[in-house]
Each structure stands twice: as C-alpha cells, then as structure tokens.
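> Quick note on this note's numbering: the sequence shown kicks off at 1 and runs consecutively.
Glycine included, each C-beta is placed from N, C-alpha and C at the ideal position.
None of the values given here were measured: they were computed from a predicted structure.
Below you'll find the structure I mean.
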Amino acid sequence: MTASPDVVAAVTPERAGVEVRLVGLRRAFGTVRALDGLSLDIEPSELVALLGPSGCGKTTALRALAGLEELDSGQVLVGRRDITRVSAHRRNMGMVFQAYSLFPNMTARDNVGYGLRLRRTSGAARRKRADELLDLVGLATHAGHYPHQLSGGQQQRVALARALAISPQVLLLDEPLSALDAKVRSQLRDEIRRVQREVGTTTLFVTHDQEEALAMADRVGVMSAGQLQQIAPPAELYERPRTAFVAEFVGLTNRLPGTIVEPGQVRVLDATIPALPGSVESGAATVLVRPECVLVTPDGDGHGVGYVATATFLGSLCRVEVALDSGSGAGTTVLAQIASADVAGLAPGTRVRVSVRSAPVLALAA
1 MTASPDVVAA
11 VTPERAGVEV
21 RLVGLRRAFG
31 TVRALDGLSL
41 DIEPSELVAL
51 LGPSGCGKTT
61 ALRALAGLEE
71 LDSGQVLVGR
81 RDITRVSAHR
91 RNMGMVFQAY
101 SLFPNMTARD
111 NVGYGLRLRR
121 TSGAARRKRA
131 DELLDLVGLA
141 THAGHYPHQL
151 SGGQQQRVAL
161 ARALAISPQV
171 LLLDEPLSAL
181 DAKVRSQLRD
191 EIRRVQREVG
201 TTTLFVTHDQ
211 EEALAMADRV
221 GVMSAGQLQQ
231 IAPPAELYER
241 PRTAFVAEFV
251 GLTNRLPGTI
261 VEPGQVRVLD
271 ATIPALPGSV
281 ESGAATVLVR
291 PECVLVTPDG
301 DGHGVGYVAT
311 ATFLGSLCRV
321 EVALDSGSGA
331 GTTVLAQIAS
341 ADVAGLAPGT
351 RVRVSVRSAP
361 VLALAA
C-alpha cells in the first residue's frame, strides 16, 4: 500500500534528514572490545545498515547513538551537534526493536500517540498525528485494535509508526524483523523502506541478515570485532569486497587456487581475470570467486576437470557443486549458481568443464 501525497506531506518532518557522525567510538566490556575505534558517517535522509555476526559491535554502535550505551571514548554528532554526553531522552530519536514492545492495554492509535502524550501534545493533535502515521503504514482501519488483535507484522508496523510519530531526527532499527516469518519479513522490509523514503528520516538499521541489509539500505557497513571492515552501496559491497571477511560474510564465495600473473591480474581455472585492489601482487594466491561467476558445461571432448557432486534445485536457480580433479585444484570443490533452465545434462556424476567469468576477484596470499 502506498500512502497518498497528502498523508506523506502531513507526516514528513519540517526539516530534512540530518547528518550523523560517529567518530572513533570505543567501548569495552572487560577484555572484550565491543567498539574498537568505529567511525561512520551517515548522510541526511540516508538508510545505512550495519551488518555482521553476533558480537561484532553493531548493536553497541546503535545503542551508543541512541544514548543507551556509555562510551569509553569517541564522539557522536547529529546535525553537527555533539550529543555524546546528552541523555537518551533528549536526543529526539525513534527506535524500533525486535520485540514490538507495544502496550497491551492501549489501542494501536494510543500506542502510536504515546510519545506525543509524554510531550503533552493535545489529545486532538495526538489523535490526528497517530491516524496519519497509521495510514502511512497501511493500518488506518486498525487504529482501534489492541496488540493481541494484530498479527506480528501489523504490530511491528504500529511500532514503526510510534517511532516516527515524534518526528525524530534519527530512526534506529534494531533487528526489527528477526521475530517474523520469512514471507512477512520480506513484505515488511519493503514497507519500512518505502516509509523511510517517503518520510526522509536519517536511519540506522542493525541486522545479522545480509539479504535484509542488501535489500533495504543505501549503504551497508560490515562489522567485525568492533571495527568497520567496509561500507559501500549493496552492489559494490558484493561485487568489490575489500577484505576476505567481507567477501565471505556477504554472499557465498569459492576459495580457489590461483597464481598472480602480474599486479592486478590472476590466473585461476585456466583463465586470467582482474584482481581487485587489496589483492596480493605476486606468487601463489587463494582466489575468492562468487558462485554465479563459475561456468559449468558438460564435458564433450574429454577435457573435463571434474564431475558434478551435487545439484540443488532452488526454484529459478540451481546450485551445482563440482569436485575438481586433483591436477586442477588439489581436490577442491567449486560451487556454481546456474539458472535452473540451464542445468540440463548436469546430473550428479557428470564429467564437466569449469571456467570463470572475467569479473574482478579478491586474491589473497596462499
């Protein structure tokens, strides 16, 4: 559902999204460094996702921005104002958590208007604002419903509307979809992105789900051990990873033996392809190749380099695992991702030829 232009105009904050800067954030819990010099700039109205495994520091970074986590050092700036020592309730930020945290004895309308009630907004203005936000998230007809009368996805929409009701400078989303089933999660991530674009609030989204991060964010930052490994638009992050951690955390990756022909060029599976910046510049290498860049064809002339070990049907795509002969890759297995319509003749046991597309790859020291 798309809200009308009048509704969007009514709920959009008077000022555009603000710039957010996290500068050299450090936070330790005993011997564990949750944040280890984290710096991050978020442009006005941008949605940035922080992605990483459990314990990487992404939630600590969000809580530091919210004012819920005290820092050992570093600065938090919003709209060029240093708010590092400003208490959480004075930061004017809206938060949506994994748990919906709705008041069970309040209707959807009253839940959305709760923050305005604390700000002593009049009842009529509070009701008007709540109804506008519920319309924006597609729940105009559910304003009088209590949380137990709403599905999980609907409750999370109410939580989003409540966070936006106070016209926050920054919207913070902490794993807001992880408690939902796959279909609802997919629908709601599109809804959150639509609403965020229409309202224009600068947003930080924290998740461990790479599909969510890549689908929703303007830029995705990958974190490990309290540090930002790389931040880039989704396509750039996937296609041009700067580190092995990023390449292997985001998407699937093959590790194949190769040789640096010259700086910027690597030989792998009898093909010479470009090497990304940050690759080794000489000698033997371990080459990180995406499955969709692996080409597999039946062996028709006796020059095959391996055989199909497994073929897994995934709807429009099929994942084919090839076991290479020892002379080709020292017993390595290669995962290829192929359109299901093109897998005829690739049954398990079939001898095949394997090559790679000429797409840039990251080459590590072997």
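Residues in the same chain with beta-carbon distance under 6 Å from G304, minus the five sequence neighbours each way, listed in chain order, please.
Around G304: R351, V352, R353.
> Where does the unbroken beta strand (DSSP E) through G258 begin, and where does it stop?
Counting along the chain, the beta strand (DSSP E) containing G258 begins and ends at 254 to 262.
> Measuring straight from C-alpha to C-alpha, what distance separates S36 and G278?
A small fix is needed here, since residue 36 is Asp in this sequence, not Ser. Approximately 22 Å, taken between the alpha carbons.
> In the DSSP assignment, find the alpha helix (DSSP H) that holds Q196 and state where it starts and stops.
182 to 199 is the span of the alpha helix (DSSP H), which, as asked, contains Q196.
> According to DSSP, simplified to helix, strand and coil, what is D41?
Strand at D41.
> Taking buried to mean at least 16 other C-beta atoms within 10 Å of its own C-beta, is K183 buried or exposed?
Burial call: exposed.
> Between the beta-carbon of Y100 and the beta-carbon of A159, is there less than 7 Å?
Yes, the pair counts as a contact, with Cβ atoms nearer than the cut-off.
> By the three-class DSSP mapping on this structure, what secondary structure does Q337 have?
Three-state result, Q337: strand.
> Using the C-alpha atoms, what's the distance from S178 back to V250?
Answer to the nearest angstrom: the Cα atoms are 18 Å apart.
> Put Q169 into one of helix, strand or coil per three-state DSSP.
Residue state, collapsed to three classes: coil.
> Express the C-alpha separation of E46 and R91 in angstroms, rounding to a whole number.
Roughly 18 Å between the two C-alpha positions.
> Can you name the start and end residues of the beta strand (DSSP E) that A309 belongs to?
306 to 314 is the span of the beta strand (DSSP E), which, as asked, contains A309.
> When you measure from the CB of I338 to every non-hydrogen atom of the ligand MN, does any distance come out below 6 Å?
What this structure holds is no ligand at all, so the ligand MN is not there to describe.
> Going by DSSP, what residues sit across from S282 in a beta bridge?
In DSSP, S282 forms no bridge with anything.
> Quick one: using the 10 Å Cβ neighbour count with 16 as the cut-off for buried, is F29 buried or exposed?
Exposed is the call here.
> One question on the structure: do Q169 and V246 come within less than 7 Å of each other, judged by their Cβ atoms?
No.
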